[in-house]
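Comments concern the structure below.
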Amino acid sequence: MTGRKRIIGVIPARFASSRLPGKPLLEIAGKSMVQRVVEQTRRCAALTEVIVATDDERILHHVQSFGGLAVMTSSAHTSGTDRCWEAVQQLGADRFDGVVNIQGDEPFIVPEQISEACTCLSQAGVGIATLAQVVQDDHDLDDPGEVLITVDVECNALYFSRAAIPFLRNPDRTPRYEQFRYLKHVGLYAYTVKALERIVQLPPSPLERAESLEQLRWLENGERIRIGITEHLSFCVDTPADLEKARAEALLRNRTAGKT
Numbered sequence: 004m005t006g007r008k009r010i011i012g013v014i015p016a017r018f019a020s021s022r023l024p025g026k027p028l029l030e031i032a033g034k035s036m037v038q039r040v041v042e043q044t045r046r047c048a049a050l051t052e053v054i055v056a057t058d059d060e061r062i063l064h065h066v067q068s069f070g071g072l073a074v075m076t077s078s079a080h081t082s083g084t085d086r087c088w089e090a091v092q093q094l095g096a097d098r099f100d101g102v103v104n105i106q107g108d109e110p111f112i113v114p115e116q117i118s119e120a121c122t123c124l125s126q127a128g129v130g131i132a133t134l135a136q137v138v139q140d141d142h143d144l145d146d147p148g149e150v151l152i153t154v155d156v157e158c159n160a161l162y163f164s165r166a167a168i169p170f171l172r173n174p175d176r177t178p179r180y181e182q183f184r185y186l187k188h189v190g191l192y193a194y195t196v197k198a199l200e201r202i203v204q205l206p207p208s209p210l211e212r213a214e215s216l217e218q219l220r221w222l223e224n225g226e227r228i229r230i231g232i233t234e235h236l237s238f239c240v241d242t243p244a245d246l247e248k249a250r251a252e253a254l255l256r257n258r259t260a261g262k263t
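One gets this note's numbering by counting positions in the sequence shown from 1 and adding 3 to each.
Following this line, the structure appears as structure tokens:
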């Protein structure tokens, strides 16, 4: 996919959440979570359109209330990938060349990070792209909430795991991240429309079930995933503690910008 393409940013936003019910509508310093994600995503010049794909009319109406675009999608979807595909189908899949799946719980997502994923997708022969950061702390290697990636010489993913990969056979006493260039996943995906149509038809796979990582289904079925390296930090709101941190960060940013 080369040249200027029509790329839509889709923000899946479910109401249900075991730890934070109604997460997209939770308030962060005067704005909802989903509004912050939409506003940040709209700042990405690589996208031609931004839409929220939800399963709840409360989220739909809320997005429309602040001037955002939203569509209703099935409550039966088990992944954001499936929700993205339904949204694209509703809008007309032939209208777009690419789709970026943007996490709905990253209120401070950096527009440049979205652009980096789009740049990866624009490379010849790439159907799926995602991002990674270079690990700078051994804590990330032992946290099952962090997903590690190994790549080939062209920076295509070989494997994703919640375990520290690769295993250091003969480590020395220095931090492990200094002994190997470990990569941790940033949960932002870009797909060509054709690739997205293929992967939503794949059944769950053994590796996916073992690690609870959907992208392993794609690898098991021969899809290539190009990995772009980003230096932009990500912050997902998954727990009440994360929400409080996000609120404090938003207030700090408001003060810095001279807002009340």
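Quick reminder that beta carbons are idealized off the backbone N, C-alpha and C, glycines included.
- Item | Gln93 versus Asp145, Thr76, Val103, Asp59, residue with shortest Cα-Cα distance | Here residue 93 corresponds to residue number 90 of the sequence shown, with the count starting at 1. When each option's Cα is compared against that of Gln93, the closest is Thr76.
- Message: My output table needs one value for Gln204: the three-state DSSP class, helix, strand or coil.
- Response: Within the sequence shown, numbered from 1, the residue matching residue 204 stands at position 201. Correct three-state label for Gln204: coil.
- Would you check if there are 3 or more beta carbon pairs closer than 8 Å linking the region 112 to 121 to the region 231 to 246? yes
- Query: Within 10 angstroms of its Cβ, does Pro174 collect 16 or more other Cβ (buried), or is it exposed?
  - Reply: On the sequence shown, position 171 is the one that residue 174 refers to. Exposed, because fewer than 16 other Cβ atoms sit within 10 Å of the Cβ of Pro174.
- Got a sec, what are the start and stop residues for the alpha helix (DSSP H) Tyr192 sits in? As a working mapping, residue 192 is identified with position 189 in the sequence shown. First-last for Tyr192: 186 to 195, but that is the beta strand (DSSP E), not the alpha helix (DSSP H).
- Own chain partners of Gln273 with C-beta closer than 7 Å, once the 5 adjacent residues on each side are dropped: Because the chain here runs from 4 to 263, residue 273 falls outside it and cannot be looked at.
- As assigned by DSSP and simplified to three states, the class of Arg229: Here the question's residue 229 lines up with position 226 in the sequence shown. Arg229 falls in the strand class under three-state DSSP.
- Could you have a look at Pro147 and say whether DSSP puts it in helix, strand or coil? Taking the first residue of the sequence shown as 1, we reach residue 147 at position 144. Looking at Pro147 - three-state DSSP - the assignment turns out to be coil, as it is neither helix nor strand.
- Residue range of the unbroken alpha helix (DSSP H) whose run includes Pro15: Residue numbering aside, residue 15 sits at position 12 when the sequence shown is read from its first letter. No alpha helix (DSSP H) contains Pro15, which is instead part of the beta strand (DSSP E) from 10 to 16.
- Task: With 8 Å as the threshold, decide whether the Cβ of Val53 is near any Cβ in chain B.
- Result: Although the question refers to chain B, the structure presented lacks it and comprises just one protein chain.
- Is the region 54 to 65 close to the region 172 to 187, with three or more CB pairs under 8 Å? no
- Please determine if the region 67 to 81 and the region 148 to 159 are in contact, where contact requires at least 3 C-beta pairs separated by less than 8 Å. no
- Item | Residues bridged to Gln136 (per DSSP) | Sequence index remark: in the sequence shown, residue 136 carries index 133 (1-based). Lys187.
- Query: Looking only at C-alpha atoms, which of Pro169, Leu50, Thr133, Val203 sits nearest to Ile10?
  - Reply: As a first step, residue 10 is located in the sequence shown; it is residue number 7 there, counting from the start. Nearest of Pro169, Leu50, Thr133, Val203 to Ile10, Cα basis: Leu50.
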